[in-house]
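Residue numbers are given in numbering that gives the first Met the number 0: position 318 of the sequence shown equals residue 317, and the series is strictly consecutive.
Ideal Cβ placement from N, Cα and C applies to all residues, glycine included.
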Amino acid sequence: MPDVADAVVIGAGVMGASIALELQRAGRSVVVVDKGDAVGGGSTSSSSAVVRFNFSTLAGVVAAWESKHRWEAWAEHLGHVAGPLARFHRSPMVLLESPDFGRREATALLTEVGVPHELLDEDGLAARFPAMDTRRFFPPRRPDDPHFGDAPRGRLDAILIEDGGFIDDPQLAAGNLMDAARHHGADVRLRAKVVGLEVGSSRERRVSGIRLADGSTVEAPVVVNAAGPWSGALDHMAGVTGDMAVTTRPLRQEVHVVEAPAGFTHGDGGAMIADLDLGFYSRPHPGGTLLVGGVESDCDPLEWVDDPDAISPTPTVACFQAQVWRAARRLPDLAIPLRPTGLAGAYDVTPDWMPVYDRTSLDGFYVAIGTSGNQFKNAPLVGEVIRELVDACESGHDHDAEPVRIRCRHTGHDLDLGAFSRLRAHSPTTGTVLG
Ligand SMILES: Cc1cc2nc3c(=O)[nH]c(=O)nc-3n(C[C@H](O)[C@H](O)[C@H](O)COP(=O)(O)OP(=O)(O)OC[C@H]3O[C@@H](n4cnc5c(N)ncnc54)[C@H](O)[C@@H]3O)c2cc1C
């Protein structure tokens with residue numbers, strides 16, 4: 000008996016789970032395959048899961064704002080609950096500007112989308128966040144730079160967005176989506192590695208299924224690549240990189256976990272910080288800790304990797320010091336642990352740090368890739384994005400010529416999926432994880 004489905008989703012991360020749920024509940028039979036042994040065990044498990052809305056493109060802001068409403072109504076979004084749920088925790092987001100930050104453009108997009116925000120100067124910042132040193136330290140420096148400890152000078156400005164937040168358990172969020180997908184009938188197969196794609200023998204090049212490492216195959220007219228940092232290998236297998244103007248490349252990233260200083264814990268004076276002045280981000284976590292990561296400052300080397308399976312999961316002293324020492328300049332009461340504590344993960348990055356949610360040159364083969372360290376937050380919407388793309392393209396619509404648009408049901412905005420095209424000219428973005 001051939002193993003047959005209407006769609007195969009490669010990857011059981013948060014993206015694959017969301018896509019499986021939306022395809023399956025729209026009536027397609029879905030098989031999800033993942034080479035790992037747990038749902039959400041890839042990039043998703045190391046996500047800081049920050050939900051923020053400052054992106055450099057209209058589509059970026061619209062997608063994040065719509066998704067936040069879906070996280071807030073998580074049980075309703077899932078439609079089926081089987082066990083504990085991941086939770087959205089509201090936490091203010093404060094963006095500390097670098098001198099060259101494009102405030103006018105950033106706030107214009109927030110205003111257009113209707114994201115409430117407020118501008119704060121140094122005095123406003125100090126009044127709102129007394130635990131912060133609100134002076135300017137720019138430019139970001141490495142701890143071994145002789146000027147690392149230079150006295151701050153100049154004026155700091157910030158954008159405050161009260162409606163930001165984070166998901167307390169990103170892997171559980173993927174599990175929630177997958178449980179809902181299973182409830183509707185999706186077949187989830189772990190320890191199932193895709194080693195090849197089946198392509199039909201007719202003259203039109205069209206995917207017809209996948210081949211697994213154990214030699215078995217699953218036939219399907221639709222295959223979605225949601226393989227996170229490993230997705231590039233699958234694109235090569237499918238032979239679809241030729242027309243992709245937007246390429247992807249895996250990047251190793253560390254996130255450090257430290258004790259939050261008094262007066263800056265979650266729910267007690269704490270906020271999520273994107274600090275372009277010093278060069279780090281942080282977010283408080285329930286229980287009194289703080290996650291600290293990087294924002295690709297010019298002085299920080301980027302750790303590109305060829306094989307995401309080969310990365311060391313252990314945080315390094317050099318990265319720990321760069322990120323945590325900067326955080327300690329902003330939060331002077333932060334106690335620096337003696338040795339690095341935290342984790343390392345990888346995500347696949349595009350040149351403009353915006354994702355690719357698109358069809359490909361191989362009919363039936365779709366991608367949800369290039370999530371660039373900033374798309375966990377959009378996962379609840381991405382399932383619908385791919386479902387709409389699949390529905391349109393499989394009915395003969397030419398998405399490349401006339402991009403599909405979707406109506407965001409919570410916020411009423413139209414989202415032009417052309418913004419996530421593999422053929423796009425690079426969007427004018429920050430060129431960092433901020434997108
Ligand atoms: C350190 C870090 C911090 C982050 N912080 C944030 C944040 O604060 N906010 C935010 O919005 N985003 C953040 N992100 C990004 C976000 O977490 C990712 O974009 C998102 O989790 C990607 O999900 P995914 O499902 O695409 O990939 P993954 O979770 O990596 O899932 C892909 C799956 O594909 C499977 N797979 C790969 N190859 C194959 C194959 N050949 N056959 C079968 N299965 C295969 C893998 O086993 C894996 O389980 C962060 C990411 C990292 C690493």
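Query - Opposing strand residues paired with Gly-292 [DSSP bridges] - result: Taking the sequence shown and counting its residues from 1, the one referred to as residue 292 is at position 293. Within the DSSP secondary-structure output, Gly-292 pairs in a beta bridge with Tyr-280.
Query raised in the report: Under three-state DSSP, which class holds Ala-345?
Result: Stepping through the sequence shown from its first residue, residue 345 is reached at position 346. For Ala-345, the secondary structure class from DSSP, reduced to helix, strand or coil, is strand.
Query raised in the report: Hey, is Ile-272 close to ligand 1, as in C-beta under 8 Å from one of its heavy atoms?
Result: Here residue 272 refers to the residue found at position 273 when the sequence shown is read from its first residue. No - ligand 1 has no heavy atom lying nearer than 8 Å to the Cβ of Ile-272.
Report task. Check whether the stretch 269-287 touches the stretch 160-177, taking contact to mean three or more Cβ pairs, one atom from each stretch, closer than 8 Å. Result -> Contact between the stretch 269-287 and the stretch 160-177 is present: three or more C-beta pairs spanning the two stretches fall below 8 Å.
Report task. State buried or exposed for Pro-314, treating a residue as buried only when at least 16 other CB atoms are found within 10 Å of its CB. Result -> Taking the sequence shown and counting its residues from 1, the one referred to as residue 314 is at position 315. Answer is buried; the Cβ neighbour count reaches 16.
Query raised in the report: So does Asp-33 have its beta carbon nearer than 8 Å to some heavy atom of ligand 1?
Result: Residue numbering aside, residue 33 sits at position 34 when the sequence shown is read from its first letter. Inclusion of Asp-33 in the 8 Å shell around ligand 1 follows from its C-beta lying nearer than that to a non-hydrogen atom of the ligand.
Query raised in the report: On the premise that Glu-197 lies in contact with Gly-208, defined as a C-beta separation below 8 Å, what is that separation, rounded to the nearest angstrom?
Result: Residue numbering aside, residue 208 sits at position 209 when the sequence shown is read from its first letter. Residue numbering aside, residue 197 sits at position 198 when the sequence shown is read from its first letter. Contact holds; Cβ gap of about 4 Å.
Requested in this report: Return the Cβ separation of Gln-170 and Thr-340 in integer angstroms, given the expectation that the two are a contact with Cβ distance under 8 Å.
Outcome: The sequence position of residue 170 within the sequence shown is 171, counting from 1. The sequence position of residue 340 within the sequence shown is 341, counting from 1. Not quite, the Cβ-Cβ distance comes to about 19 Å (not below 8 Å), so this is no contact.
Query - Cβ neighbour criterion (16 or more within 10 Å) applied to Ala-261 - result: Taking the first residue of the sequence shown as position 1, residue 261 is located at position 262. By the 10 Å Cβ count, Ala-261 comes out exposed.
Query raised in the report: Quick one: what does DSSP say Pro-402 is sitting in, helix, strand or coil?
Result: Within the sequence shown, numbered from 1, the residue matching residue 402 stands at position 403. In the three-state DSSP reduction, Pro-402 falls in the coil class, being neither helix nor strand.
Query raised in the report: Would the C-beta of Asn-452 count as close to ligand 1, meaning under 8 Å from any of its heavy atoms?
Result: Only positions 0 to 434 of the chain appear in this structure, which leaves residue 452 out of reach.
Query raised in the report: Can the beta-carbon of Ala-418 be found less than 9 Å from the beta-carbon of Ala-58?
Result: Here residue 418 refers to the residue found at position 419 when the sequence shown is read from its first residue. Here residue 58 refers to the residue found at position 59 when the sequence shown is read from its first residue. Less than 9 Å divides the Cβ of Ala-418 from the Cβ of Ala-58.
Report task. Please name the residue in Arg-102, Ala-391, Arg-282 whose C-alpha comes closest to that of Ala-400. Result -> Reading the sequence shown from its first residue, position 401 is the one you call residue 400. Ranking Arg-102, Ala-391, Arg-282 by CA distance to the CA of Ala-400 puts Ala-391 first.
Query raised in the report: In terms of residue numbering, what span does the alpha helix (DSSP H) encompassing His-68 cover?
Result: As a working note, residue 68 is residue 69 in the sequence shown. Note, His-68: alpha helix (DSSP H), 57-71.
Requested in this report: Put Gly-123 into one of helix, strand or coil per three-state DSSP.
Outcome: Here residue 123 refers to the residue found at position 124 when the sequence shown is read from its first residue. In this structure, Gly-123 counts as helix in the three-state DSSP scheme.
Report task. Measure how close the beta-carbons of Trp-73 and Val-112 come, nearest whole angstrom, since I'm counting them as under 8 Å. Result -> Your numbering for residue 73 matches position 74 in the sequence shown. Your numbering for residue 112 matches position 113 in the sequence shown. Between Val-112 and Trp-73 the Cβ distance is about 21 Å, and since that is not below 8 Å, they are no contact.
Query raised in the report: Is the number of C-beta pairs between the stretch 179-190 and the stretch 22-41 that are closer than 8 Å three or more?
Result: Put simply, the stretch 179-190 touches the stretch 22-41. At least three CB pairs are less than 8 Å apart.
Requested in this report: Might you give, ordered along the chain, the residues of its own chain that have their beta carbon closer than 6 Å to the beta carbon of Pro-312, omitting 5 neighbours on each side?
Outcome: For this step, residue 312 is matched to residue 313 along the sequence shown. Excluding residues within five positions, the ones whose Cβ falls inside 6 Å are Ala-343.
Query - Own chain, CB closer than 6 Å to Asp-351, minus 5 neighbours either side, in chain order - result: Position 352 of the sequence shown, counting from 1, holds the residue named residue 351. So the list reads His-425, Ser-426, Thr-428, once near-sequence residues are dropped.
Query raised in the report: Is the distance from the Cβ of Phe-54 to the Cβ of Met-353 below 9 Å?
Result: Taking the first residue of the sequence shown as 1, we reach residue 54 at position 55. Taking the first residue of the sequence shown as 1, we reach residue 353 at position 354. A Cβ-Cβ contact shorter than 9 Å links Phe-54 with Met-353.
Query raised in the report: Does at least one heavy atom of ligand 1 sit under 8 Å from the Cβ of Ile-160?
Result: By one-based count along the sequence shown, residue 160 stands at place 161. For Ile-160, the shortest C-beta to heavy atom distance toward ligand 1 is 8 Å or greater.
Query raised in the report: From His-412 to Ile-405, what distance separates their C-alpha atoms?
Result: Sequence index remark: in the sequence shown, residue 412 carries index 413 (1-based). Sequence index remark: in the sequence shown, residue 405 carries index 406 (1-based). Between the alpha carbons of His-412 and Ile-405 lies a distance of about 8 Å.
Query raised in the report: For the stretch 127-143 against the stretch 33-40, are there 3 or more C-beta pairs whose distance is under 8 Å?
Result: The answer is no - the stretch 33-40 does not touch the stretch 127-143, with fewer than three Cβ pairs under 8 Å.
Report task. Give the single residue among Phe-87, Trp-229, Glu-258 whose Cα lies nearest to the Cα of Val-193. Result -> The residue labelled residue 193 in the question sits at position 194 within the sequence shown. Cα-wise, what sits closest to Val-193 is Trp-229.
Query raised in the report: Which class does Thr-216 belong to by DSSP, given the choice of helix, strand or coil?
Result: Locating residue 216 in the sequence shown gives position 217, where the first residue counts as 1. In this structure, Thr-216 counts as strand in the three-state DSSP scheme.
**Report entry** Local Cβ density within 10 Å of Ile-335, reported as buried at 16 or more and exposed below that
**Finding:** By one-based count along the sequence shown, residue 335 stands at place 336. Around the beta-carbon of Ile-335, fewer than 16 other beta-carbon atoms lie within 10 Å, marking it exposed.
Query raised in the report: Just to confirm, does Gly-10 get its C-beta within under 8 Å of one of the non-hydrogen atoms of ligand 1?
Result: Translated into the one-based positions of the sequence shown, residue 10 becomes position 11. Gly-10: yes, Cβ under 8 Å from ligand 1.
Requested in this report: Check whether the Cβ of Val-256 lies closer than 8 Å to any heavy atom of ligand 1, and answer yes or no.
Outcome: Locating residue 256 in the sequence shown gives position 257, where the first residue counts as 1. Here the distance from the Cβ of Val-256 to the nearest heavy atom of ligand 1 is not below 8 Å.
Requested in this report: Verify the contact flag: Phe-165, CB atom, against every heavy atom of ligand 1, threshold strictly below 8 Å.
Outcome: Indexing the sequence shown from 1 puts residue 165 at position 166. Under cutoff, so the answer is yes.
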